Structure formats: C-alpha cells, structure tokens
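Chains as they are written, first to last, in my numbering: chain A, 4 to 364; chain B, 1108 to 1341.
Written out below as structure tokens is the structure these notes cover.
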C-alpha cells in the first residue's frame, strides 16, 4: 500500500481537528483580550476616582508576566502610562519614571492629556521623555496621491529635542531619497511628493522608510524602519521610435562610378544615334542622313561629358540630402510628439504607497 | 521656297512664346486662347512647336531621288495616368528637290501616339499616322501603324537621352503595294524642366517594297527635329 492514499484518508481528520482547535482557541483569545480591556478600563475608572492603590493593583496585574490574559501592545502602553501616573500621584517619582519610560519605549507617540493628568504626573512624564530618546514612526497606511497637488505624509516623533532625518531607501540598493526631517521634538509630520533627488518620480518598488534621530541632550541616536511598496498608476508609455537605419535613408552622395556612368550614358545615346542608320537604315540609301545622326550624337556626348564632370565636382545628391533631412526631421518630430504624450501621461501619474512587511524583492 | 521656310521658322520661334501663358496671361491672350483653362488641368499637358529638317530619299532601280526641306509642326502630349501618355502631332512643309530627277513635294502628316511607361527607363511607344506627299504629278497617302520600345536614360540634370526602334506592322500606301519591310528609329536628347521642354531628335524611317518589273523601290525618311514646348497644368 502506498503512502499517498493513507495521507489522503488522514487529511479530513487533521482538517477537522484544526477547525475544532480554531473554534475553541479563538473565543478564548477574544475572551482574554476582553478581560484585559475590562480590567484596564476598571483601573482607569479607579484612577479617575482617586482610588489609586486599587488602580495600581489592577494595572500591575495587567503588566505582570503571570497575567492570565493576553495583553496587546497598546493595552500594555496604556497600563504603563497609568502606572506611571498613579505612582507619580503617590510620590514614587522614580518608579513612575520607570513605567513612563516603559510606555515611551513601546510607543514614543504616548503623551499625557492635560485635561486628564495633573501637573505632577506630566512633570514626571516630561522627565521620563528627557531621559529617554526614542524615535517613532506612525504605521503607514495605503495612500494614493496625485503628486501634482498632494503629498504623502509620514508622522514621526522624538521623545525629546533632537535631529531627525527621514529617508526612503530602495531595497534594491539604489540611491536613497532624503525625505525630510530637521530639528525639534515631539510629533512632526514630514511630507513627500514622491519625487526622487533628480526631480523625477521615485521609481516604483519596495522601499524602507528609515527615521534616524539624534538626541540633543544625550547625543544618543535611535532609528525606526518601516517598509512600503511604491507604485505608479498611469497609462502605459509609448516607446520612442528608433533612429533611422542606413537603409531607411537615401544615399547622399553619388557612387564613385557615377561620373563614368554618366559619360557612358551620354555615349550610349550617341552610339544609338550613330547606329540607328545601320539598324534601321537601308545601305542602298546611305543608311540615313549622317549629319542628322552626328548632331544628336554630338549633343548626347556633350551632355554625357558635362554630366560626368558635374558628377566629379558635385558628388552630393542635393535632393537626397534634402529628403534625408526631411525624414530625419519627421522622425525627430514624431519622437518629440511621443515624448510630449509620455510627458503628459507622466504628469498624470498617481503614486500609491502600500505598507509592506519586511524586505522583499 | 526660301521665303516660305523663313516664315515658317519665324512662326515656329514665336509659337512657344504664344503658348507661354504666364507673361501673356496679363494681356488676356491666354484667356482668349483658352489656355488659362489648360493651366488648371489636373494632369499636365505639354504643347510644343517643332521644326524638322526632313530628307526624303526614294530609290527606284538605280535612280535615287532626294528631297530635303524644313517641316514645322506643333504637338501636344497629355499624361493620362502616371504611366500612360498620349501625343498628337501635326506637321507639314515642302521638301525641295536636291537634284534631278527629284521633284519638289509637299508633305503633311498627322500622328497620334501612346507611350506606356512601365519602368522609368523604358517605354513602349505605339502610334498611328497618316502622311501625304503631294507633287505636281499626283498625291500619295501613307497610313502607318508603328510599335516599339524606347529606352530612356538621364544624362545630366534635366537632360535625358532616348533611343527608340520600332516596327511598322501595318503600312498602307495609296496607289501602290505596301512595303515588305517597314522600320523606324529615333535618338533624341531632351531637356525638361517644370515648365519648359526642348529636344533635339534624329529619326529615320525605312520602307522596302517588293521588286516589281525588275526594279525595286526603296524609301527612306530622315529627320532632325528641334522642338521647344511648354508644360501646362499642374
């Protein structure tokens, strides 16, 4: 008996088991999160009712490693923030600073609302910010912009005063694009119209958005990275017409044999006139009037000689040169029109940013 | 005879000027002649005057008689398509006897021809013509049908050369039997600009008749023709 059929019979059982596991686990996880949220809300209410000790107990329970409930990052940050605030009210400033820092390390965008927290709490929080230098970057959202009128907005933060530089780095290793930054502290919004350093649209592809900050107080640096995919939305561009090939242009000079050929033609017509009497004429009647034949033969010979000399002295073919110039100008004109149409399409380009996870090709 | 020839020459020289519409249009001559309508033709028509010196040799047995004289004429050629031209010509003159036993004769000719140009360097020329010789003793009419190739080659600038050989499969001569052999040929140097057309052509015709009563009649017509024409229409 082969292995494949056995695996085939076992597959429905495995799928059923996984489905049951998922059905059992999902509500549990939801219940856990709901429990954390309820506890956190209860702690906040106690804090607002100035039952700080009770609030502390609940908050410690939430952040405890032995907590039976799952705690999300945002819940943990909120819990640390209220822990810090509660401890600040109780006069345990150092402990408060520890919890405030823990909150800031996890979310540098955290701030204390002056309408909710007292000056004591906010002083402690401000001290925590001064003692810690963290750079934050708000999670990217999928955005579509018209670069002629709009720009992408990246929201960054530093916990205290420092220098911030935001750079978009193509993951393929090509040149990085500085987006903005500067001096300051707190939340700041950096706008980017999607242009590269050369003034053109940044090429489509995956980028890492790197925010690097340096503290003015401690000299310490911090950075944060997020990835996004940049795409161009526009009508397909036309290819420019290739340059005219040699076989698409007329020869602009006569061949070296042209003078000899011109002379040969003249002599050919002259010979035709002279031989006409032999071919057509009757020997009994003198094969035509020779003087007439000589006249035309002389004219043809003179024309042939003149043509030969002219070809020698003027090897260029003005008509062909003019025609070639016309063709080249027409081709250049067509390419200019294509370039203009492409430029119009490029001008109507929309840029799209989609958040991406990690580095990819 | 000489005075007539001089008058004809003068008329021939004046013909292109009379046909030239641009300078004369202002004077109304072109309009009176209807040439202003020709100017508006979609396909060009070339009208030209020509002066030929024609030599007519006739051998009857051992006797060869020869007559030479100027034969002026006018002609017109129209392009029906890019490869087909039609030509009509009329000419006439008096050939003076070059010596005894020749006699003076008046010659008149009406010719129609078609030129098919399959390639730029070759054409097939076919035509029908009727020619009349009139002497003090009588009148003879020749009717001919000719066809043959014409090779064309550019020479220098607007100059070109042409060489033509043709057979006359049908020749009818009044009051006598048709020739057993009838050939003709021509060689020409032409000049053609946007408006002007000129040429110098040598032509030769040969007619061999069947011997009768112990003598054989041979005829030959040579001509040197200078022409000057004007292109009308677009």
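Glycine included, every Cβ here is placed at the ideal spot set by N, Cα and C.
Nothing here was measured: the structure is a model prediction, and the numbers come from that model.
Might you give, ordered along the chain, the residues of its own chain that have their beta carbon closer than 6 Å to the beta carbon of residue i, omitting 5 neighbours on each side?
i: residue 87/A; result: 99, 102, 103
i: residue 1162/B; result: 1175, 1329
i: residue 1289/B; result: 1275, 1278, 1314
i: residue 1237/B; result: 1217, 1250
i: residue 91/A; result: 99, 123, 124, 127
i: residue 243/A; result: 338, 341
i: residue 1233/B; result: 1221, 1254
When burial is assigned at 16 or more other CB atoms within 10 Å of the CB, is residue i buried or exposed?
i: residue 1283/B; result: exposed
i: residue 1208/B; result: exposed
i: residue 236/A; result: exposed
i: residue 225/A; result: buried
i: residue 1316/B; result: buried
i: residue 231/A; result: buried
i: residue 185/A; result: exposed
i: residue 1337/B; result: buried
i: residue 222/A; result: exposed
i: residue 119/A; result: exposed
i: residue 121/A; result: exposed
i: residue 364/A; result: Because the pLDDT at residue 364/A is just 37, under 50, the model does not fix this residue reliably, and the point stays unresolved.
i: residue 144/A; result: exposed
i: residue 1291/B; result: buried
i: residue 302/A; result: buried
i: residue 1244/B; result: exposed
i: residue 262/A; result: buried
i: residue 1128/B; result: Caution applies to residue 1128/B, whose pLDDT of 43 falls short of 50 and renders its modelled position unreliable; the model cannot decide the point.
For residue i, which residues in the same chain have their Cβ closer than 7 Å to its Cβ, ignoring the five residues on either side in sequence?
i: residue 47/A; result: 85
i: residue 93/A; result: 55
Is there a Cβ from chain A that is less than 8 Å from the Cβ of residue i?
i: residue 1339/B; result: no
i: residue 1270/B; result: yes
i: residue 1162/B; result: yes
i: residue 1344/B; result: This structure does not reach residue 1344/B, given that chain B is present from 1108 up to 1341, and the question cannot be answered.
i: residue 1303/B; result: no
i: residue 1186/B; result: no
i: residue 1168/B; result: no
i: residue 1207/B; result: no
i: residue 1313/B; result: yes
i: residue 1260/B; result: yes
i: residue 1257/B; result: no
i: residue 1171/B; result: yes
i: residue 1295/B; result: yes
i: residue 1309/B; result: yes
i: residue 1290/B; result: yes
i: residue 1202/B; result: no
i: residue 1325/B; result: yes
Under 8 Å, Cβ to Cβ, is there at least one residue of chain B near residue i?
i: residue 313/A; result: yes
i: residue 415/A; result: What is shown of chain A runs 4 to 364, which leaves residue 415/A out entirely.
i: residue 352/A; result: no
i: residue 343/A; result: no
i: residue 285/A; result: yes
i: residue 208/A; result: no
i: residue 253/A; result: no
i: residue 298/A; result: yes
i: residue 268/A; result: yes
i: residue 272/A; result: yes
i: residue 243/A; result: no
i: residue 288/A; result: yes
i: residue 261/A; result: no
i: residue 302/A; result: yes
i: residue 310/A; result: yes
i: residue 282/A; result: yes
Once the 5 residues before and after residue i are set aside, which same chain residues still bring their CB inside 8 Å of it?
i: residue 304/A; result: 269, 270, 273
i: residue 320/A; result: 253, 254, 255, 256, 257
i: residue 349/A; result: 204, 237, 240
Please list the partners that residue i has in chain C, where partner means a Cβ-to-Cβ separation under 7 Å.
i: residue 1329/B; result: Among the protein chains in the structure shown, which are A and B, there is no chain C.
What residue ranges within the region 330 to 358 of chain A form continuous alpha helix (DSSP H) runs of no fewer than 4 residues, ordered along the chain?
Runs of the alpha helix (DSSP H) lying entirely within the region 330 to 358 of chain A and spanning at least 4 residues: none are present.
Which runs of the beta strand (DSSP E) fall wholly inside the region 1279 to 1337 of chain B and span at least 3 residues, in chain order?
Along the region 1279 to 1337 of chain B, the beta strand (DSSP E) occurs as fully enclosed runs of 3 or more residues at 1288 to 1299, 1303 to 1315, listed in sequence order.
Any chance the region 1300 to 1308 of chain B sits against the region 1321 to 1338 of chain B, with 3 or more Cβ pairs inside 8 Å?
Contact between the region 1300 to 1308 of chain B and the region 1321 to 1338 of chain B is present: three or more C-beta pairs spanning the two stretches fall below 8 Å.
Beta strand (DSSP E) runs contained entirely in the region 95 to 154 of chain A, provided each spans 3 or more residues:
As for any beta strand (DSSP E) of minimum length 3 sitting wholly inside the region 95 to 154 of chain A, the runs are 138 to 140, 146 to 148, ordered along the chain.
Which runs of the beta strand (DSSP E) spanning at least 3 residues fall entirely within the region 188 to 230 of chain A, listed in chain order?
Within the region 188 to 230 of chain A, the runs of beta strand (DSSP E) at least 3 residues long that lie entirely inside it are, in chain order, 208 to 218.
Where are the alpha helix (DSSP H) runs, 4 residues long or more, that stay fully inside the region 1234 to 1262 of chain B, in chain order?
Listed in chain order, the alpha helix (DSSP H) elements of length 4 or more contained wholly in the region 1234 to 1262 of chain B amount to none.
Are three or more beta carbon pairs between the region 286 to 293 of chain A and the region 212 to 226 of chain A nearer than 8 Å?
No: fewer than three Cβ pairs fall under 8 Å.
Across the region 1294 to 1301 of chain B and the region 1251 to 1270 of chain B, are there enough close Cβ pairs to call them in contact, namely three or more that are closer than 8 Å?
By the criterion of at least three beta-carbon pairs nearer than 8 Å, the region 1294 to 1301 of chain B is in contact with the region 1251 to 1270 of chain B.
So, do the region 142 to 160 of chain A and the region 188 to 207 of chain A have three or more beta carbon pairs nearer to each other than 8 Å?
Touching, yes.
For the pair the region 298 to 315 of chain A and the region 1319 to 1326 of chain B, tell me if three or more CB-CB distances fall below 8 Å.
Taking one beta carbon from each stretch, the region 298 to 315 of chain A and the region 1319 to 1326 of chain B have fewer than 3 pairs nearer than 8 Å; the two do not touch.
Which runs of the beta strand (DSSP E), 3 residues or longer, sit entirely within the region 1144 to 1187 of chain B?
The region 1144 to 1187 of chain B contains these whole beta strand (DSSP E) runs: 1152 to 1167, 1170 to 1186.
Suppose only complete runs of 4+ residues qualify. What are the alpha helix (DSSP H) ranges in the region 41 to 102 of chain A, listed by chain order?
Runs of alpha helix (DSSP H) with 4 or more residues, each lying fully within the region 41 to 102 of chain A, are found at 55 to 66, 76 to 92, listed in chain order.
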